[in-house]
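Here the numbering used here runs 767 ahead of the position in the sequence shown, where the first position is 1.
Every residue, glycine too, gets a C-beta built ideally from N, C-alpha and C.
Only a predicted model underlies this, so the values are computations on that prediction, with no experimental measurement involved.
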Amino acid sequence: MIKIFKEEKAYKICIFGDTGVGKTTLTQRYLTNIFHLNIKNTMGAQLFVKFVEVKNIRITLQIWDFGGEDMFRFLLPAYSYGSSGGIFMFDLTNNSTLEKIEDWLATFKEGLTKDESEIPIIMVGGKLDLQDKRTISTKYAIKFLKLHNLDSYIECSAKTGQNVELVFEKLIQKILKNSGLI
């Protein structure tokens, strides 16, 4: 049986954060529901695609995963152009990765047009499964979120799968709301 959708949309999502925070692992877990232990650091950018259905709308989700290396940072504003949403990820066990979110936000916003400046941005604290090594509290992360006017904060673990779907579902909902589709 062929499914007829009310609408079909394509949305570009960019994922930023320092090297090793778990951006690629999060994306791979979302795409395959499998935890890949030995993922190599992303050099430059990788594009992933996933098809999802929300409220009879077929969505082609283009997920741009950017390497966290400083030598590639100059490329990022160009890749940001045309984005519908952003995920900014840090490692709950490494304070400096949260502090650098501010720089990632500035780099991301350099590439956005005025019309794109109000796109939803979700901040994600990764490696939630490493509670015994955690150095960043939820309270502190939420304070950071409010200081930078970001839309949402979610903690997740790509290893266990906890809240991985929620990260993308929440961002998709916010994108659809921004687009006036829900």
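Per DSSP, cross-strand counterpart(s) of residue i
| i | result |
| --- | --- |
| Phe783 | Phe855 |
| Tyr920 | Met890 |
| Lys776 | Ile826 |
| Phe833 | Ala812 |
Residue i, enclosing alpha helix (DSSP H) - first and last residue
| i | result |
| --- | --- |
| Phe802 | It is not in any alpha helix (DSSP H) - Phe802 carries neither H nor E in the DSSP assignment. |
| Ser847 | 843-847 |
| Leu943 | 931-945 |
| Lys910 | 905-914 |
Proximity winner among the options, relative to residue i (alpha-carbon distances)
| i | options | result |
| --- | --- | --- |
| Gly849 | Ile942, Ile949, Gly947, Ile889 | Ile942 |
| Thr786 | Thr827, Lys867, Ile824 | Lys867 |
| Ala812 | Ile806, Asn800, Gly834 | Gly834 |
| Tyr797 | Lys817, Thr860, Ile806, Leu804 | Lys817 |
| Thr864 | Asp882, Lys881, Asp837 | Asp837 |
| Lys1031 | Leu828, Ser847, Ile801, Arg840 | Nothing can be reported for residue 1031, as the shown portion of the chain is limited to 768 through 949. |
| Leu914 | Glu869, Lys900, Asn945, Leu897 | Glu869 |
| Lys944 | Phe802, His803, Leu804, Glu885 | Glu885 |
Residues near residue i in its chain [Cβ-Cβ closer than 6 Å; skip 5 each side]
| i | result |
| --- | --- |
| Glu922 | Gly892, Leu895 |
| Thr917 | Note that residue 917 corresponds to Leu in the displayed sequence, not to Thr. Answer for Leu917: Ile888, Met890, listed in chain order. |
| Glu877 | Pro844 |
| Arg825 | Phe772, Glu775 |
| Thr905 | none |
| Glu820 | none |
| Ser919 | Ile889, Lys937 |
Same chain only: Cβ atoms within 7 Å of residue i, ignoring 5 sequence neighbours per side
| i | result |
| --- | --- |
| Thr794 | Ile782, Phe815, Ile830, Asp832 |
| Gln929 | Leu895, Cys923 |
| Trp871 | Phe783, Gly784, Phe855 |
| Leu938 | Ile780, Gly852, Ile854, Pro887, Ile889 |
| Lys822 | Ile949 |
| Thr927 | Asp896 |
| His803 | Thr792, Gln795 |
Residue-level contact to chain C via CB, residue i, 8 Å cutoff
| i | result |
| --- | --- |
| Gly789 | The chain labelled as chain C is not found in the depicted structure, where only one protein chain is given. |
Beta strand (DSSP E) segment containing residue i, residue limits
| i | result |
| --- | --- |
| Glu869 | Segment 868-877 is the alpha helix (DSSP H) holding Glu869; no beta strand (DSSP E) there. |
| Leu814 | 812-821 |
Beta-carbon contacts of residue i that lie in its chain and below 8 Å, excluding the five residues immediately before and after
| i | result |
| --- | --- |
| Gly789 | Met856, Asp858, Gly893, Lys894, Ala925 |
| Thr902 | Leu859, Thr860, Asn861, Asn862 |
| Asp899 | none |
| Arg960 | Because the chain in this structure spans residues 768 to 949, residue 960 falls outside the shown range and cannot be described. |
| Gln940 | Val821, Ile949 |
Pairs of beta-carbons, one from the segment 849-859 and one from the segment 934-948, closer than 8 Å: are there three or more?
yes
Evaluate the contact criterion for the segment 770-778 versus the segment 906-919: three or more CB pairs, one atom per stretch, below 8 Å.
no
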